[in-house]
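Residue numbers (this note's numbering), protein chains in the order written: chain A, 5 to 433; chain B, 5 to 433. The beta carbon of each residue, even a glycine, is placed where N, CA and C say it ideally should be. Every value quoted in this text rests on a predicted model; they were computed, and no experiment measured them. Notes to accompany the following structure.
Protein chains: 2
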Amino acid sequence: MRVIESVESSVKNLSEYCTQLALQAKAASRVLVSLKGEVKVAWLRRSAELLRENLQAILQANRLDLEAAPGYGLTDAEIDRLRLDPVRIESIAAALEDIAALSEPIGQVIHSTVRPNGLVINKVRVPLGVVFFIYESRPNVTADAAAICVKAGNAVILRGGKEAIHSSQAIVDQLHAAARESGVPCDAVQLVETIDREAVGYFLQMPQYIDVAIPRGGESLIRRVTAEAEMPVIKHFNGNCHVYVDESADLRMALAILENSKCQRLGVCNATESLLVHVDIANEFLPLAGNMLESHGIEIRGCERTCELIPRAVPATEEDFATEFLGPIISVSVVPSVEDAIVHITRYGSGHTDAIVTHNLLAAQKFVAEVDSAAVMVNASTRFNDGGEFGLGAEIGISTDKFHARGPCGIEELTSYKYTVFGAGQTRK
Amino acid sequence: MRVIESVESSVKNLSEYCTQLALQAKAASRVLVSLKGEVKVAWLRRSAELLRENLQAILQANRLDLEAAPGYGLTDAEIDRLRLDPVRIESIAAALEDIAALSEPIGQVIHSTVRPNGLVINKVRVPLGVVFFIYESRPNVTADAAAICVKAGNAVILRGGKEAIHSSQAIVDQLHAAARESGVPCDAVQLVETIDREAVGYFLQMPQYIDVAIPRGGESLIRRVTAEAEMPVIKHFNGNCHVYVDESADLRMALAILENSKCQRLGVCNATESLLVHVDIANEFLPLAGNMLESHGIEIRGCERTCELIPRAVPATEEDFATEFLGPIISVSVVPSVEDAIVHITRYGSGHTDAIVTHNLLAAQKFVAEVDSAAVMVNASTRFNDGGEFGLGAEIGISTDKFHARGPCGIEELTSYKYTVFGAGQTRK
Chain A
5 MRVIESVESS
15 VKNLSEYCTQ
25 LALQAKAASR
35 VLVSLKGEVK
45 VAWLRRSAEL
55 LRENLQAILQ
65 ANRLDLEAAP
75 GYGLTDAEID
85 RLRLDPVRIE
95 SIAAALEDIA
105 ALSEPIGQVI
115 HSTVRPNGLV
125 INKVRVPLGV
135 VFFIYESRPN
145 VTADAAAICV
155 KAGNAVILRG
165 GKEAIHSSQA
175 IVDQLHAAAR
185 ESGVPCDAVQ
195 LVETIDREAV
205 GYFLQMPQYI
215 DVAIPRGGES
225 LIRRVTAEAE
235 MPVIKHFNGN
245 CHVYVDESAD
255 LRMALAILEN
265 SKCQRLGVCN
275 ATESLLVHVD
285 IANEFLPLAG
295 NMLESHGIEI
305 RGCERTCELI
315 PRAVPATEED
325 FATEFLGPII
335 SVSVVPSVED
345 AIVHITRYGS
355 GHTDAIVTHN
365 LLAAQKFVAE
375 VDSAAVMVNA
385 STRFNDGGEF
395 GLGAEIGIST
405 DKFHARGPCG
415 IEELTSYKYT
425 VFGAGQTRK
Chain B
5 MRVIESVESS
15 VKNLSEYCTQ
25 LALQAKAASR
35 VLVSLKGEVK
45 VAWLRRSAEL
55 LRENLQAILQ
65 ANRLDLEAAP
75 GYGLTDAEID
85 RLRLDPVRIE
95 SIAAALEDIA
105 ALSEPIGQVI
115 HSTVRPNGLV
125 INKVRVPLGV
135 VFFIYESRPN
145 VTADAAAICV
155 KAGNAVILRG
165 GKEAIHSSQA
175 IVDQLHAAAR
185 ESGVPCDAVQ
195 LVETIDREAV
205 GYFLQMPQYI
215 DVAIPRGGES
225 LIRRVTAEAE
235 MPVIKHFNGN
245 CHVYVDESAD
255 LRMALAILEN
265 SKCQRLGVCN
275 ATESLLVHVD
285 IANEFLPLAG
295 NMLESHGIEI
305 RGCERTCELI
315 PRAVPATEED
325 FATEFLGPII
335 SVSVVPSVED
345 AIVHITRYGS
355 GHTDAIVTHN
365 LLAAQKFVAE
375 VDSAAVMVNA
385 STRFNDGGEF
395 GLGAEIGIST
405 DKFHARGPCG
415 IEELTSYKYT
425 VFGAGQTRK
């Protein structure tokens, strides 16, 4: 076990340790800026091979985490997400190969203009620099995040949940072995090897070395990072997602979309937490919806009209409408119009994902134009707001910010740009 | 004089005043999201007309500012930038018409994908929301910033330098009159009508209403805003810009680019502050450069070799190389190679604008790839890093950030995007 125990006894050492990682990351990021794409591809492919070849070492490290998990008070669902097996390690390796196959982003000319004076102005994609990524106890995320950050030309400092630290170390060991073989600097991927929570604070105070902080996980973590970070933050906040069933909706379609949005996976950010139903179809739709939701064991907290139409529904409070349940509960409200649905979503929603089910084109256009969310769905499940489903190839998360990156964050969202201007001696008039 | 004197005697009132402006801006921004482009165009054109029709009222307000200017200790150059005359007001009006003529940005589909399951995923340009813009005592910027923010669908809170407040009020009066006629909400453009510096702090604490803060002006202002702001900030920091003259440069071209970069305007962010010269051409180039710079009254602070070759040069300190002089001083260093020029720029530069003069393609490619600045010029003046020169139509400033917006910030940089997903009942597998 390499966790730096001694570091935790001394704030000075911890501060020095974090600064050293940050400095190394910055130095690696300077190399990555002009590293050829084929070197990154070779690294990703060799990493995938080494993960497969060193399956047993990774599983053994994972066993250490699993043995410690009850001591950390993890739930069964959390322990399941922590667990690795040969199938899961194969899917981690395959994901690295998928990222290797994506086209090289760095140096791509995003836009080009020729000015009247002959200057050729290119807007060229460049890396952000150093990413500080804070995430849950999921070993697969360690590999994914490292791959996507480096593919985008960034060095990354990985701060995973302490419950997965041995698994993450075993995975990073393979990434480092592949880096040594392929010519990627090892410091392009660094794992924070202390579980001391103070470490996060030190990193957040180094805007001179770290270009962006990306926290993923609980709301309190994200609030802490946002408050403390001296560099930009890409936030992955709540998903209080809505399905609005318009008066013109096909009720079978509405039922299928609601079932998929709410019941397919309860604990994810793009799961629906609230159902809005147009008053003119409430009589017909809500009893059907009630039966379907109850068949999945979902508790219904509804407005007055909902409670009349679904006998087992309980009255919803103001707070219920503002809550991301991440579990087997849904809030339901009957609304008089699409305008009122939009007002409700603007008031209680979190700007993540909201869907309308409708056959009315004007209602769809209005909903799409006025709902201010990262993704607005028309006749499709909220569960589609996802980098893979959007075809981005890979994602580091789903941003609820409007600044820099919104919605699924893939490789492009981990880059910036610069302007290159080619002249033949032009001077400004 | 409408400056709210009474507000300044009461922090509670000031806080309420700022909150009221922010709330009004947020409400206006909701209207702007789906305002038709032609309404914004009509507003901009009518604003231009009203500025011309009300020339005398604006000049009279400007006289109040000019009379007060010596009391604020403004320099002659600052007073000149504050001064309005019929020609300058015409150019403000013409700029509004130019912005009116730009294509409508909001609703534009930036990217579109059709997924294998038939979902049509559009990435659509949307406004950021509310912009809080803090700027210098330049009345023309009041009109420009209002126009570009609203064209991008944002409400703006304008906090201009106190020395220009009467001129800015007179201009905003015309924008409001045009808004009433054309159907743009008046609160889309609000001027902070108190000169109390505390007001800035209140606005920076309202991330729930204000989506981005854009400070322009001195470094201390920008540092304060960055430290206090609870919303994203687009920073316009130092321009410690370089011209590097490579061994293969055409010396006449190099001299012309240096003269334009350094001497055309001394006090602007894209003016050059430092000259780097390859050792193999220093003997030939530096005496020429010395004569040219001295003919413009520029003081030369150089390395040892520079001082040998330019008799009137004085020795440069470490700090000189890190300084944005914004005046008639230049630092000069002889470097052994393009690599060393890049190392020098990485160490002392501010990531704003850096130029290479060369006939060597590999040197140009290396410089462009490795200099991490918003704009990298090849055989062109650093003075070209400008929204107008880049063809953006208008700019609110030049960002030194890498996050969200880099380099000249035009209308697109004041927008975000959302994903709209159109299906026919798709659910996720």
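Within 9 Å, strictly: CB atoms of residue i and residue j
i	j	result
residue 186 (chain B)	residue 143 (chain B)	no
residue 52 (chain A)	residue 108 (chain A)	no
residue 426 (chain A)	residue 382 (chain B)	yes
residue 199 (chain A)	residue 218 (chain A)	no
residue 30 (chain A)	residue 155 (chain A)	no
residue 355 (chain A)	residue 378 (chain A)	yes
residue 33 (chain B)	residue 176 (chain B)	no
residue 137 (chain A)	residue 404 (chain A)	no
residue 257 (chain A)	residue 361 (chain A)	yes
residue 160 (chain A)	residue 192 (chain A)	yes
residue 338 (chain B)	residue 281 (chain B)	yes
residue 110 (chain A)	residue 37 (chain A)	yes
Within chain B, partners of residue i - CB distance below 9 Å
i	result
residue 431 (chain A)	260, 261, 263, 264, 265, 268, 384, 385, 387 and 388
residue 119 (chain A)	388, 393, 394 and 395
Neighbour list for residue i in chain A, Cβ cutoff strictly below 8 Å
i	result
residue 132 (chain B)	406 and 407
residue 215 (chain B)	406 and 407
residue 296 (chain B)	By Cβ distance, chain A contributes nothing, its closest Cβ being about 13 Å from residue 296 (chain B), past 8 Å.
residue 373 (chain B)	37, 38 and 111
Sequence-distant residues of its chain with Cβ nearer than 8 Å to residue i (five each side left out)
i	result
residue 318 (chain A)	303, 304, 305, 306 and 311
residue 275 (chain A)	243, 245, 265, 266, 268, 269, 330, 386 and 387
residue 390 (chain A)	274, 399, 402 and 412
residue 78 (chain B)	86, 141 and 167
residue 384 (chain A)	261 and 359
residue 12 (chain B)	Legend: pLDDT at residue 12 (chain B) = 48, less than 50; position of this residue unreliable, value from coordinates given subsequently. For residue 12 (chain B), where only same-chain residues beyond five positions count, the Cβ hits under 8 Å are 18, 198, 199 and 200.
residue 81 (chain A)	271
residue 10 (chain A)	Bear in mind that a pLDDT of 46 at residue 10 (chain A), under 50, signals an unreliable position, so the model cannot answer this.
Beta-carbon proximity list for residue i, same chain, < 6 Å, skipping 5 on both sides
i	result
residue 366 (chain B)	none
residue 284 (chain B)	251
residue 145 (chain B)	139
residue 116 (chain B)	126
residue 417 (chain B)	409
residue 68 (chain A)	170
residue 23 (chain A)	none
residue 220 (chain B)	139, 240 and 401
residue 180 (chain A)	190
Where residue i meets chain B, residues with beta-carbon distance less than 8 Å
i	result
residue 422 (chain A)	376, 377, 378, 379, 380, 410 and 411
residue 291 (chain A)	Those within 8 Å of residue 291 (chain A) in chain B number zero; the least Cβ separation is about 21 Å.
Cβ neighbours of residue i in the same chain (closer than 7 Å, five flanking residues each side left out)
i	result
residue 19 (chain B)	206
residue 429 (chain B)	none
Chain-ordered chain A contacts of residue i [CB-CB under 7 Å]
i	result
residue 428 (chain B)	383
residue 26 (chain B)	Residues of chain A passing the Cβ test: none, with the nearest at roughly 17 Å.
Neighbour list for residue i in chain B, Cβ cutoff strictly below 7 Å
i	result
residue 469 (chain A)	This structure leaves residue 469 (chain A) out entirely; chain A is present only between 5 and 433.
residue 123 (chain A)	384 and 388
residue 257 (chain A)	429
Chain A contact residues for residue i, given Cβ-Cβ distances below 9 Å
i	result
residue 398 (chain B)	Going along chain A, no residue has its Cβ under 9 Å from residue 398 (chain B), so there is no contact; the nearest lies around 15 Å.
Residue ranges of each beta strand (DSSP E) within the segment 237-291 of chain B, 3 or longer: 245-249 and 276-282
- Query: Is the segment 421-429 of chain A in contact with the segment 368-378 of chain B, if contact means three or more CB pairs nearer than 8 Å?
  - Reply: yes
Could you name each continuous beta strand (DSSP E) segment of 3 residues or more that falls completely within the segment 368-424 of chain A, going from the start of the chain to the end?
-> 379-384, 401-403 and 411-413
*Taking the runs of the alpha helix (DSSP H) that are 4 residues or longer, which of them lie wholly in the segment 188-220 of chain A?*
202-208
Exercise for review: Would you mind listing the alpha helix (DSSP H) stretches within the segment 326-376 of chain B that are 4+ residues and don't spill past its ends, in chain order?
Suggested key: 342-352 and 365-374
- request: Taking 8 Å as the threshold, find out whether the segment 341-357 of chain B comes into contact with the segment 286-295 of chain B through three or more Cβ pairs.
  value: no
- prompt: What residue ranges within the segment 67-150 of chain A form continuous beta strand (DSSP E) runs of no fewer than 3 residues, ordered along the chain?
  reply: 113-118, 124-131 and 134-138
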